[in-house]
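Quick note: the sequence shown, position 121, residue 137 per the numbering used here, numbers continuous.
Glycine residues also receive a C-beta, built at the ideal position from the N, C-alpha and C atoms.
Being a predicted model, the structure only gives us computed values, none of them experimental.
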Amino acid sequence: MSEAAGTVLAAYRLETRVSSTSEAAERVHVHVIPRDLSAAEGEDGPALHLMAPPTAGRGVKESASVVVVDATTSPIPNGAFDVLEDAVRAYPGVLVVGAVTGSHSALVWVRVQPPSVWQPVGYTVHVSARTAKEGQSVFYASALYGWMRWWLENLDRSALPDRFPVSVLLPRPPDVVEMVMPDASARLSIRHAERAPDRPVEFHDPEDPLYR
């Protein structure tokens, strides 16, 4: 296990479900419910996904739909993106990758690539709550995973060709998602995220009088 901003990044088996929507506000309520990792679920039980950190055992990581990494200790400007991108490439079977950047903020990458494409294809969003009191940023990736699964389950596929990779149709999540957990809730603000331009390295001759 590792610790990020006071939150232990442990393996969880999670139930997610969308309870209500508001089309006018483009807001959804995603319930994120941690379950006992060792509990056996029957075929008629709720749909669950596995969230794991890179420090989990190999079998857990290979079975995970969501992987969350700690990017709180990266001092360089694009350090959190580096951590996130390394995890995306390290776990090609994972659908959503989160990088915790603070007690109430995270970068989340969502995979949208067709099965025939080997290189990772997806988008990155910055997810944040208003205050540290609404923290639990380790679960932000699972909240977006729950929204993603709900959206795909409700997609009208009647006009699509057989075996069409529906993940390529997945839009960006709404600007606001209400993450509801058993003991707290958080209003998550979601916006597009991309790396800041790397500053060019300046080379010069220290003996050149123009640079003295």
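(request) Would you mind stating whether G114 and V82 have Cβ atoms separated by less than 8 Å? (result) In this structure, V82 lies closer than 8 Å to G114 by Cβ.
(request) Name the two residues that bound the continuous alpha helix (DSSP H) containing G95. (result) G95 -> alpha helix (DSSP H) spans G95 to A106.
(request) Work out the CA separation of D172 and A157 for me, nearest whole Å. (result) A157 and D172 have their C-alpha atoms roughly 25 Å apart.
(request) Would you kindly work out how many angstroms separate the C-alpha atoms of A106 and K77, rounded to a whole number? (result) Per the coordinates, the alpha-carbon of A106 lies some 10 Å from the alpha-carbon of K77.
(request) Find out if the Cβ-Cβ distance for the pair V143, A122 is shorter than 8 Å. (result) Yes, the pair counts as a contact, with Cβ atoms nearer than the cut-off.
(request) Out of V193, V128 and E150, state which residue places its alpha-carbon closest to the alpha-carbon of P108. (result) Ranking V193, V128 and E150 by Cα distance to P108 puts V128 first.
(request) Report yes if the CB atom of A27 is closer than 8 Å to the CB atom of P69, and no otherwise. (result) For A27 and P69, yes; Cβs fall inside 8 Å.
(request) Compute the Euclidean distance between the alpha carbons of V104 and V124, then round it to the nearest angstrom. (result) If you take the alpha carbons of V104 and V124, they lie about 10 Å apart.
(request) Could you check which residue in E194, I206, A200 and R74 has the C-alpha nearest to that of V44? (result) By alpha-carbon distance to V44, the top candidate from E194, I206, A200 and R74 is E194.
(request) Output the distance between the C-alpha atoms of P62 and I49, rounded to the nearest integer angstrom. (result) Those two C-alpha atoms are separated by around 11 Å.
(request) For T117, I'd like the list of residues in its chain whose CB is within less than 7 Å of its CB, leaving aside the five on either flank, ordered along the chain. (result) Annotation for T117: A87, T88, A96 and L123 place their beta carbon closer than 7 Å to its own, counting only its chain and skipping 5 residues before and after.
(message) On a Cα-Cα basis, can you pick out the residue from M67, H47 and V46 that is closest to R29?
(response) Comparing Cα-Cα distances from R29 to each of M67, H47 and V46, the minimum goes to M67.
(request) Please go through the same chain and pick out, in chain order, the residues whose beta-carbon is closer than 7 Å to the beta-carbon of P189, but skip the five residues on each side of it. (result) Leaving aside the five residues that flank P189 on each side, the residues in its chain whose CB is nearer than 7 Å to its CB run, in chain order, V141, L160, W163 and I206.
(request) Measure the C-alpha to C-alpha separation of E101 and R51 and round it to an integer number of angstroms. (result) If you take the alpha carbons of E101 and R51, they lie about 28 Å apart.
(request) Report buried or exposed for S153, applying the criterion of at least 16 other Cβ atoms within 10 angstroms of its Cβ. (result) For S153, the number of other beta carbons within 10 angstroms of its own is at least 16, and it is reported as buried.
(request) Measure from the alpha carbon of V192 to the alpha carbon of each residue in D199, L185 and L204, then state which is nearest. (result) By alpha-carbon distance to V192, the top candidate from D199, L185 and L204 is L204.
(message) N94 and A212 - do their beta-carbons sit closer together than 8 Å?
(response) Cβ distance < 8 Å, so A212 and N94 count as in contact.
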